[in-house]
Amino acid sequence: MMDNRRKHIAIMAISMNIGGTERVISLLLPKLVKDYRVSLVLLSEEIAFDIPSEVNIHVLGSSEKVLTTSPLQKIWFTLGYFRKYYRLVKRERFDVSLSFLALPNFINSAVANLFRNPKIRTIISERCYPSQMYARSRFSMIIARIFYPLLYNRNDMLFSNSVYINNDLKNRFGVKIPMAVVYNPVKLKPLEKELSATENRKIFNVINVGSHVFVKNQMMILKAINRLDDTYVLTLLGDGNLTDSMTDFAIDTGISKRLNMRGRVGNVENYLSESDCFVLSSRTEGFPNVILEAMANGVPVISTNCMSGPLEILNDNQPVQIEKGGFVLARYGVLVNVDDDDGLAQALEFLKSHPDKRLEYINLGLQKAQEFDLTVIYKKFKDLIENKD
Numbered sequence: 359m360m361d362n363r364r365k366h367i368a369i370m371a372i373s374m375n376i377g378g379t380e381r382v383i384s385l386l387l388p389k390l391v392k393d394y395r396v397s398l399v400l401l402s403e404e405i406a407f408d409i410p411s412e413v414n415i416h417v418l419g420s421s422e423k424v425l426t427t428s429p430l431q432k433i434w435f436t437l438g439y440f441r442k443y444y445r446l447v448k449r450e451r452f453d454v455s456l457s458f459l460a461l462p463n464f465i466n467s468a469v470a471n472l473f474r475n476p477k478i479r480t481i482i483s484e485r486c487y488p489s490q491m492y493a494r495s496r497f498s499m500i501i502a503r504i505f506y507p508l509l510y511n512r513n514d515m516l517f518s519n520s521v522y523i524n525n526d527l528k529n530r531f532g533v534k535i536p537m538a539v540v541y542n543p544v545k546l547k548p549l550e551k552e553l554s555a556t557e558n559r560k561i562f563n564v565i566n567v568g569s570h571v572f573v574k575n576q577m578m579i580l581k582a583i584n585r586l587d588d589t590y591v592l593t594l595l596g597d598g599n600l601t602d603s604m605t606d607f608a609i610d611t612g613i614s615k616r617l618n619m620r621g622r623v624g625n626v627e628n629y630l631s632e633s634d635c636f637v638l639s640s641r642t643e644g645f646p647n648v649i650l651e652a653m654a655n656g657v658p659v660i661s662t663n664c665m666s667g668p669l670e671i672l673n674d675n676q677p678v679q680i681e682k683g684g685f686v687l688a689r690y691g692v693l694v695n696v697d698d699d700d701g702l703a704q705a706l707e708f709l710k711s712h713p714d715k716r717l718e719y720i721n722l723g724l725q726k727a728q729e730f731d732l733t734v735i736y737k738k739f740k741d742l743i744e745n746k747d
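So the sequence shown is numbered by my numbering: it starts at 359 and just counts up by one.
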């Protein structure tokens with residue numbers, strides 16, 4: 359029997375397909391249903407994660423509408439989402455409406471302005487570093503500069519997963535509402551593999567997990583592997599519009615025998631646990647959950663020092679200076695410059711030839727991952743919902 363005395367929470371996202379934001383929502387939902395009545399509102403029908411049976415799912419559109427590249431269609435479809443969500447909020451009488459990512463945030467912000475009695479608490483979550491995310495499109499940057507301050511400032515609260523995102527929103531996009539940082543959670547479990555890195559590896563297994571798109575920049579890893587000998591083997595989990603070009607590069611350079619392209623998989627943890635090193639090659643991030651997942655699985659991490667997230671995770675947000683073609687041994691992992699395949703190759707060589715350092719990073723990474731345990735992060739998330747400092 360449903361307890362109508364509990365607060366009714368709406369969680370809005372584009373979809374529940376494979377992705378970092380979707381992964382975060384999937385981890386929070388089982389916790390949320392124990393404390394609230396929960397509705398999951400999606401703009402697209404794609405669902406790749408298990409959703410608790412207690413969650414009411416409302417789908418407002420389709421993947422075709424979300425993925426359209428026509429500006430006029432985008433505007434028309436967004437108006438449709440707005441009308442549908444307005445009717446849903448009016449019918450369901452949510453106490454709290456919480457959204458993730460820009461488009462759901464825009465819809466949440468617009469609808470929020472229409473409900474004053476009873477007042478619905480609206481919370482939005484930004485998951486990318488806006489200045490870099492929109493830097494490649496002048497049109498997108500103009501739209502962001504107009505609508506971020508116009509709509510975002512209508513909400514009760516904003517939270518992101520990085521202090522750099524909040525500073526960017528405040529300093530460059532005119533967002534003035536209260537902001538908080540709630541880092542992405544990771545679900546910790548006992549390690550099944552033996553923690554051992556005390557010998558030099560004959561084969562050094564490198565892994566990357568992520569969509570094959572421009573911002574993830576896996577080509578940087580391929581170029582680094584091409585600089586190294588045949589004892590370095592790379593596994594890529596994921597796919598995207600750059601998969602074919604990366605495959606062609608591997609064939610052209612003769613490293614295809616050392617490249618395992620596995621596509622999208624459901625057992626990422628199994629692949630991580632069999633790897634000697636995880637590499638994040640991104641040009642920009644919001645907060646790379648996959649770094650935490652690698653650390654939680656006992657895998658040393660090398661990451662670009664991109665905005666935002668890696669510095670916060672790997673060096674407690676303490677700034678570093680990295681020479682071109684070099685790397686820095688941070689507190690919990692190794693940092694290299696963005697798009698510096700030479701520096702990445704040097705870092706990989708270092709970790710391979712220093713097993714004691716690998717073991718140190720394995721142990722420190724496991725300790726660091728504890729700070730992002732789901733139970734710890736959920737308490738902070740619940741405090742936002744309840745408007746607690």
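Using N, Cα and C, we set each Cβ at its ideal position, and we do this for glycine too.
As the structure is a prediction and not an experimental result, all values here were calculated from the model.
Asked: Inter-residue Cα distance where the pair is G598 and N575; Found: 11 Å
Asked: Reduced DSSP category for I671 - H, G, I as helix; E, B as strand; rest coil; Found: helix
Asked: C-beta contact flag for H570 and V454 at 9 Å; Found: no
Asked: Distance between I613 and E627 (C-alpha atoms, nearest Å); Found: 25 Å
Asked: Test item: CB-CB of K545 and D674 under 9 Å; Found: no
Asked: Nearest-angstrom Cβ-Cβ length linking H416 and S397, presumed shorter than 8 Å; Found: 6 Å
Asked: Min CB distance T611 to chain D below 9 Å; Found: Absence of chain D from the displayed structure is noted, only one protein chain being present.
Asked: As assigned by DSSP and simplified to three states, the class of I500; Found: helix
Asked: Residue environment, K392, which counts as buried when at least 16 other CB atoms sit within 10 Å; Found: exposed
Asked: Pair within 9 Å by beta-carbon distance, L594 and N563; Found: no
Asked: Sequence-distant residues of the same chain with beta carbon closer than 7 Å to A468, five excluded per side; Found: F440, L509
Asked: Rounded separation between K442 and I465 - CA only; Found: 10 Å
Asked: For F458, the residue or residues it bridges with in DSSP; Found: S483
Asked: Own chain partners of V533 with C-beta closer than 7 Å, once the 5 adjacent residues on each side are dropped; Found: Y506, P507, Y510, N511, L516, L527
Asked: Expected contact under 8 Å - CB spacing of A703 and L586 to nearest Å; Found: 6 Å
Asked: Extent of the continuous alpha helix (DSSP H) run through A654; Found: 647-654
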